[in-house]
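Each remark here refers to the structure printed beneath this line.
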Amino acid sequence: MIPDFIDDQNLLWPILPPGIWDADIEEVKTRFALNPKRLMLFEGLYRGAKNLFQAGCLEIFLDGSYVTAKPIPSDYEVCWNAEFVDADQIDYVFFDFSLDRYNQKKKYHGEYFPDFQTERKSGMPFLEFFQYDKPSGSRKGIIRIKNFLKDGRQNDN
1 MIPDFIDDQN
11 LLWPILPPGI
21 WDADIEEVKT
31 RFALNPKRLM
41 LFEGLYRGAK
51 NLFQAGCLEI
61 FLDGSYVTAK
71 PIPSDYEVCW
81 NAEFVDADQI
91 DYVFFDFSLD
101 RYNQKKKYHG
111 EYFPDFQTER
121 KSGMPFLEFF
131 QYDKPSGSRK
141 GIIRIKNFLK
151 DGRQNDN
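End of the sequence shown = 157 in our numbering, gap-free, step of one.
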């Protein structure tokens, strides 16, 4: 369940409290796809997650201004668990980090990072890096979405 935002005078927008919060894809849609821009971002997230899950990814971690109270976020970021992913089935764009991940943003409206990769400036793995607000350094929450597909189809359970 996604908790309520917390507000801090050091932050631009209210954020999720620190931690990794489990949610299914429908809860993410209900909570965050609140206007046309956010819906467009959600649709890209859904397509990207579906491709990763079809390739064997067990879970993704959602971050960025999309999971804050910012009314019009520019995009979202995802850290994806690469452990069981079949590289032959994954969209090649998830490995394209050129031009600040332009092709990822163009196709899915967000940025995707495998969990084994580290953020250059901090040296932290992306899963850890995502749990800090960049401007303030405050800890913040992110959302874990587990694979919602079963045998290549959306699991309705």
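Quick reminder that beta carbons are idealized off the backbone N, C-alpha and C, glycines included.
Let's test the definition: count the other Cβ atoms within 10 Å of the Cβ of Gly48 and tell me whether it reaches 16, buried, or not, exposed. Taking the first residue of the sequence shown as position 1, residue 48 is located at position 48. In summary, Gly48 is buried, with 16 or more beta-carbon neighbours lying within 10 Å of its beta-carbon over all protein chains present.
**Request:** Buried or exposed for Phe84, please, with buried defined as at least 16 other CB atoms from any protein chain shown within 10 angstroms of its CB.
**Result:** In the sequence shown, residue 84 corresponds to position 84, counting from 1. Exposed, by the Cβ-count rule.
Residue from Phe61, Leu41, Asp96 and Tyr46 with nearest C-alpha to Pro73: As a first step, residue 73 is located in the sequence shown; it is residue number 73 there, counting from the start. It is Leu41 whose Cα lies nearest to the Cα of Pro73.
field: Opening and closing residue of the beta strand (DSSP E) in which Glu59 lies
entry: Position 59 of the sequence shown, counted from the first residue, corresponds to residue 59. That run of the beta strand (DSSP E) goes Glu59 to Asp63.
query = Based on the DSSP output, what are the partners of Thr118 in its beta bridges?
reply = Position 118 of the sequence shown, counted from the start, is the residue given in the question as residue 118. DSSP lists Pro125 as partners of Thr118.
- Query: Span of the alpha helix (DSSP H) holding Arg47?
  - Reply: Stepping through the sequence shown from its first residue, residue 47 is reached at position 47. DSSP places Arg47 inside the alpha helix (DSSP H), whose first and last residues are Pro36 to Gln54.
With three or more beta-carbon pairs closer than 8 Å as the criterion, would you say the region 91-103 touches the region 57-65?
Under the Cβ criterion (8 Å, minimum of three pairs), the region 91-103 does not count as touching the region 57-65.
Quiz item: Alpha carbon to alpha carbon, what distance is there between Pro114 and Cys79?
Solution: By 1-based counting over the sequence shown, the position of residue 79 is 79. By 1-based counting over the sequence shown, the position of residue 114 is 114. Per the coordinates, the alpha-carbon of Cys79 lies some 6 Å from the alpha-carbon of Pro114.
Straight-line gap, Phe126 to Lys134 (C-alpha atoms, nearest Å) = For this step, residue 126 is matched to residue 126 along the sequence shown. For this step, residue 134 is matched to residue 134 along the sequence shown. Taking the straight line from one Cα to the other gives about 13 Å.
Report task. Thinking Ser122 and Leu11 are a contact (beta carbons under 8 Å), I'd like their distance in whole angstroms, please. Result -> Position 122 of the sequence shown, counted from the start, is the residue given in the question as residue 122. Position 11 of the sequence shown, counted from the start, is the residue given in the question as residue 11. Between the beta-carbon of Ser122 and that of Leu11 there is about 19 Å, and that puts the pair past the 8 Å contact cut.
Based on the DSSP secondary-structure assignment, which residues constitute the bridge partners of Tyr132?
The residue labelled residue 132 in the question sits at position 132 within the sequence shown. According to DSSP, Tyr132 bridges with Arg139.
query: Would you call Arg120 buried or exposed, if buried means 16 or more other Cβ atoms sit within 10 Å of its Cβ?
result: What you label residue 120 is simply residue 120 of the sequence shown in a count that begins at 1. Here Arg120 is exposed: its Cβ has fewer than 16 other Cβ atoms, across all protein chains shown, within 10 Å.
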